[in-house]
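Residue numbers (our numbering), protein chains in the order written: chain A, 18 to 123; chain B, 7 to 182; chain C, 702 to 1228; chain D, 36 to 670. In this text, a Cβ means the ideal position worked out from N, Cα and C, and glycines have one as well. Here the structure is a predicted model, which is why all the values come from computation and not from measurement. One structure is given here, and the rest of the page talks about it.
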């Protein structure tokens, strides 16, 4: 497929903004699922950076894209295990609110 | 300014707007199930961006794994737990403030850095795929240079799969 | 010639075997601790026999061990390009010069006697064997290390082993005492580390204001090294342009501060009486006899050995500090109502004399300080051993609750008197030889200060005889009438200690020959 | 023969080691027998050495290396001079007799073998002290005899008074010993050696210096510090307070250690270091004055004491003062002479007193009386000792004391002479007060009197020998013997004879004899067969405050207790208080501070991962921003 010369800065900016939104979500959301989702968002932002930098640098190549693939795979495994954990916890506690899972009440 | 615009760039900016809109929605929506839908939008948009920058294989993988599998998985998870769950209304506790400040300031710092950096122009003449199509080139790389990590990742997936099954399994009485 | 290395390794091996043997086999555990110490002691004796020959043969050609007769080298790790593109190798290098050999032998001896003094009902034997062997290994490593980093490693090992030992047995407040000990000596370690690395850095020109030449080397600055014999060699006559005086002065005070805390000098001493009061006697023997000698060792090895010019420059300060310690320790000991605290303050008073004698910086003073370390170690351990043996019978170490013990416990009382007389510096015991040499040294340099310090001689007689009078003299309390005196099996550590104390006191030249080698070396540094 | 002088101290040491190995279960006969035999052998060797020294003069020193100090070497060994040949003779003779006597006196004591161990150790230390060729070795055995004194005074450890007295004796002498030690150290640095000969050569030349003090001042300082040691050991004012308390020990100990030998070591020290003192007139004057004050003070105190041993103890202090004065005014030979005669008659007095105490089991003079009929031998020997002490011709004390009095007057010290004469009067009075109270008159406590009986031969034989010595020892240096002792002491170099000697002065002799007889007469008037038993009490009441002052020993004990012990304990309490409530409190405050901070920080540990990540994110932000600012952005 064709290659469209999109400015690098714009792509990175997209990644940065997505990352920060994901960060904000991960830090503030109270539903465990949404926290996981926000983490996925941050991973996605990182993926964009990987793909963009793939063609920059001293040795332009496909390394970045391959790394993005690995990230996607690991993210898939992570979300699967994470959701399984969530289900187990939900069965025990009947909640998916992170504040209700805090055991360190002082 | 307009002289620099080409078709791809226009598409990219539109896509960006969509992605960011979905992201903002994701943060602001209060019903969990809608959030999952917004996430699907983000994943789709990202896949399109990958296509735009010539990473077709990654884009397809994004479509299949993220937009296809993970979004659905998350929806299943929401349905299996309390699908009526609502995010509580935003209350500006110090943690909220700190998180927001951290996010915004980090974003500002990153953007300022990106902006103040002179990025080298993408070398248009270099063929990343070295004459092959992108999926073929990625495949060659995966199985030649990254064969061992690839196998390890497959192992990780298996372990993740089995682990997820064991964790999510309904416990019987005698197991406890 | 791996004697020094084996002296460190044997206790470590003994400790490992202790871990493997089940805890309930207390006899085996005690046997392991005894065996480890005996072998170490035999190695020390072997080194003692070989020592004169090794001195005559002279140190090896290796600058990292210059002037140390018995050396064993084992490379440990290399830090590539640490300083000006030079690799710095840290060795598991141990060497025995006069001071190191003596103190290592003392450590092995006291570890042996402490293991013999443990009462199974007081402390779990396995933990004691394990930690006491590790403490001995650490102390020996610190005493024999040729390398600043190895010294520090040994120091830390003994520090942590000491913590677990104090926490092992005693009264309920021992945990707090152990934590106090750990915090104080941890701080001391940090200060010592800072000072020693600062010196190594400074010798290599780290504080120099000179301009590097074309190759990036400072003119006249030796290569960076962490081995103290090499540092000593390099420092000898090193230009102040390379290592400025003000940097030396700051490092000296950091070192001195570390030593003051490490050695429990006033006003950083309160951990010592507390620890002794709340732990059990065998631990006190090790703690008072060996583990508190590392500070004085650092003073002689690194204070007098590496920064003699600074020590001489600030000698009056150090001497005043020493005198304060002598008098403060003695007066505080007089006021104590508990034997263990009294012994602790007495040892503080003794170590003050080490400070005073070292400050004098002449042959008599340095040799006196070294004798004092050995003598104080022996006698402190001796007194704690006896206090422990009596406490096991009377359930108390309070002066007011003892009395007339000579009748039911004639042997223990007799040894107690011997130990007390040694500690107050009676001639023909090691205490006297140490004090006379120290005072000969100090009167030469600081007559006025020494006059004041000599008051300590009177005070030591006052507090020790007062305590003895309250303990073994006087009418017998009826509740102690049926106490059983110690049998040979329990008493042999006291016999051994008496023999050693008398040997040093009657024929000091046996020890003096060995220590004299280090004294000569230190004097060459200063001169 | 002189080369075998090391046998003299070594024989008692061998006995000590032998008894130590035998332990506490050794039979009495073995313990006493071995000790007496060793001591007797020691005496015989001493006699041979004395003869050899008399003919050959000083020999030695024989040395071996003891310790290396830098480039200096310290040696140990022994030497024989005329002075210490005389000393070992006296010491070994008295020791033998006391060891024999103790077999009877200590019979039945459960720690009999231990007593003999200690005594043997003492005899060894005392002989080694005397034979020492250098100051350091002297100091070592100086302390060792102090240790033995401590052990023997506290021998009956279960008596609280004995325990206190033992401690007091050690600590008070320790004060003097510290001065001696300092003096020795200073002499070492000034002369470069501990050896007597080197030190005296340097002192004689006077051209020595320590940097901060030099010449004459240095000599005086060292001499005074050495004298401080002698003051402590010889119980001179102001450190005399330990000796009377030391009477808590068994009586043979008092006779041997606290009368004849150890307390005389101070006098011996001054005599041995006489060249040093001669080089400093100030030091000599101090010695003389201290001696005179002690002699008079102790004699005054002895007038009123009720305890028989304390009277004799103060008498010892007083007589030691005489010796010091003799040395101080320059009469070296007379001081040594009096040391010798005193050793005999004072040991005799103590042993006789011991015999009395053994018989009546009390030490209070006013519980005795009329014992002549029960203890005739003791009474006669005591009388010999008392006459010798009072200075009645021809007993030993007469010759030596008279020499000292004459020397004091002839060297131009009339004040000191007057003090001594007064002391001599008191001496005659108090010793005959004791004699009359104990042996004459009616028994004051008949039941005690009933049970009194003479000891066995082991106790009476030493009394007889000593009584003979107390009677004849004076002739060694009398005109009848041609002043033999002086000639013996100065035989090597008559032209360099040390100190002052003079021919007898008959009017002075008569005067002192008159004074002594007056004292005896007064004592007889008051205490001999008092027609009314109240006479002594009336006598005491007549003197009122003076009597009390004397009886309470001029309140010196109380003054010292207040000045030294309370002060010391006060400082100790203050130091302890500072230790607990200032230093340790500071430490605790620091600990509390850290603890409170950590308690505060505890609340930040909410357990919420999101809270932690927020902080982490802020941290990342700061780090990134800082890195960017440092780099000035990426260009």
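Cβ closer than 9 Å: which chain D residues qualify as neighbours of residue 115 of chain B? Within 9 Å Cβ-Cβ: 656, 659, 660 and 663.
Tell me the residue span of the alpha helix (DSSP H) that contains residue 289 of chain D. 286-290 is the span of the alpha helix (DSSP H), which, as asked, contains residue 289 of chain D.
Rounding to the nearest angstrom, what Cα-Cα distance links residue 835 of chain C and residue 740 of chain C in this structure? Using only the alpha carbons, I get a separation of about 15 Å.
In whole angstroms, what separates the C-alpha of residue 827 of chain C from that of residue 156 of chain B? In a straight line, the C-alpha of residue 827 of chain C is about 51 Å away from that of residue 156 of chain B.
Taking the C-alpha atoms as reference points, what is the distance between residue 1178 of chain C and residue 1132 of chain C? Roughly 32 Å separates the two Cα atoms.
What is the DSSP secondary structure of residue 123 of chain A, counted as helix, strand or coil? With a pLDDT of 46 at residue 123 of chain A, under the threshold of 50, the modelled position of that residue is not reliable, and the figure given next carries that caveat. The answer is coil: DSSP assigns residue 123 of chain A none of H, G, I, E or B.
Secondary structure of residue 315 of chain D, DSSP reduced to three states: Here residue 315 of chain D sits in coil by DSSP.
Does the structure place the stretch 1039-1053 of chain C close enough to the stretch 1094-1101 of chain C that three or more beta carbon pairs sit under 8 Å? Yes, they touch.
Chain-ordered chain B contacts of residue 102 of chain A [CB-CB under 8 Å]: What residue 102 of chain A touches in chain B: 173.
Taking the C-alpha atoms as reference points, what is the distance between residue 1145 of chain C and residue 1017 of chain C? Per the coordinates, the alpha-carbon of residue 1145 of chain C lies some 13 Å from the alpha-carbon of residue 1017 of chain C.
Under the three-state DSSP convention, the category residue 1175 of chain C falls into: Coil, per DSSP.
If contact is defined by three or more beta carbon pairs under 8 Å, each pair taking one atom from either stretch, is the stretch 54-65 of chain D in contact with the stretch 834-848 of chain C? Flag = no, the stretch 834-848 of chain C and the stretch 54-65 of chain D do not touch.
Residue 818 of chain C versus residue 1194 of chain C - alpha carbon distance: Taking the CA atoms as reference points, residue 818 of chain C sits about 8 Å from residue 1194 of chain C.
Would you check if the stretch 866-876 of chain C and the stretch 742-752 of chain C touch, i.e. whether three or more CB-CB distances between them fall below 8 Å? For the pair of segments examined, the stretch 742-752 of chain C was found not to touch the stretch 866-876 of chain C: the number of CB pairs separated by less than 8 Å stays below three.
Residue 107 of chain D bridges to which residues according to DSSP? DSSP, once it has assigned bridges, lists D/104 as partnering residue 107 of chain D.
Which residues of chain A have a Cβ atom closer than 9 Å to the Cβ of residue 649 of chain D, listed in chain order? Under a criterion of Cβ atoms nearer than 9 Å, the residues of chain A adjacent to residue 649 of chain D are, in order, 44 and 45.
Just confirm the distance between the C-beta atoms of residue 417 of chain D and residue 555 of chain D, as a whole number of angstroms; I'd bet it's less than 8 Å. Contact doesn't hold; Cβ gap of about 14 Å is too wide.
Please classify residue 786 of chain C as buried or exposed, where buried requires at least 16 other C-beta atoms within 10 Å of its C-beta. Residue 786 of chain C comes out exposed.
Which chain A residues sit within Cβ distance under 9 Å of residue 141 of chain B? Against chain A, the beta carbon of residue 141 of chain B has no neighbour under 9 Å; the closest one sits roughly 10 Å away.
Compare the C-beta of residue 223 of chain D against all C-beta atoms of chain C and say whether one is closer than 8 Å. Answer yes: the Cβ-Cβ gap between residue 223 of chain D and chain C drops below 8 Å somewhere.
Cβ of residue 279 of chain D within 8 Å of Cβ of residue 348 of chain D? Result yes, Cβ atoms of residue 279 of chain D and residue 348 of chain D sit closer than 8 Å.
Using DSSP with H/G/I as helix, E/B as strand and the rest coil, what is residue 592 of chain D? In this structure, DSSP gives residue 592 of chain D a helical state, which the three-state scheme calls helix.
For residue 92 of chain B, which of helix, strand or coil comes out of DSSP? Judged by DSSP in its simplified three-state form, residue 92 of chain B adopts strand.
Determine which residues share a DSSP beta bridge with residue 114 of chain A and list them. Looking at the DSSP assignment, residue 114 of chain A forms a beta bridge with A/48.
Figure out for me which residue from D/552, D/384, D/353 and D/481 has the closest Cα to the Cα of residue 498 of chain D. For residue 498 of chain D, the nearest C-alpha among the options comes from D/384.
Can you tell me whether residue 377 of chain D is buried or exposed, with buried defined as 16 or more other CB within 10 angstroms of its CB? The Cβ neighbour count for residue 377 of chain D, taken over all protein chains shown within 10 Å, is at least 16; the residue is labelled buried.
Would you verify that the beta carbon of residue 98 of chain B is, or is not, closer than 8 Å to some beta carbon of chain A? Cβ-Cβ to chain A under 8 Å: no for residue 98 of chain B.
Leaving out five residues before and five after residue 15 of chain B in sequence, what residues of the same chain have Cβ atoms less than 6 Å from its Cβ? Correct list: empty, nothing qualifies.
Along the chain, where does the alpha helix (DSSP H) that runs through residue 100 of chain B open and close? If you look at residue 100 of chain B, you'll find it in the alpha helix (DSSP H) that goes 100-122.
My guess is that residue 1049 of chain C and residue 1026 of chain C are in contact by the Cβ rule of under 8 Å, so how many angstroms apart are they, rounded? Rounded to the nearest angstrom, the Cβ distance from residue 1049 of chain C to residue 1026 of chain C is 6 Å, consistent with a contact under 8 Å.
Which ranges does the alpha helix (DSSP H) cover as unbroken runs of at least 4 residues, wholly within the stretch 225-301 of chain D, from first to last along the chain? Fully enclosed alpha helix (DSSP H) runs of 4 or longer: 231-240, 250-268, 277-280 and 286-290.
Roughly how many whole angstroms lie between the Cα atoms of residue 142 of chain D and residue 292 of chain D? Distance between the alpha carbons of residue 142 of chain D and residue 292 of chain D is about 20 Å.
Contact check, residue 754 of chain C vs residue 774 of chain C, beta carbons under 8 Å: For residue 754 of chain C and residue 774 of chain C, no; Cβs fall outside 8 Å.
Excluding the 5 residues flanking residue 53 of chain D on each side, which residues of the same chain have their C-beta closer than 8 Å to its C-beta? Excluding residues within five positions, the ones whose Cβ falls inside 8 Å are 69.
Would residue 858 of chain C and residue 929 of chain C be called neighbours here (beta carbons separated by less than 8 Å)? No, Cβ-Cβ distance for residue 858 of chain C and residue 929 of chain C is not below 8 Å.
By how many angstroms is the C-alpha of residue 987 of chain C removed from the C-alpha of residue 107 of chain A? Rounded to the nearest whole angstrom, the C-alpha separation of residue 107 of chain A and residue 987 of chain C is 57 Å.
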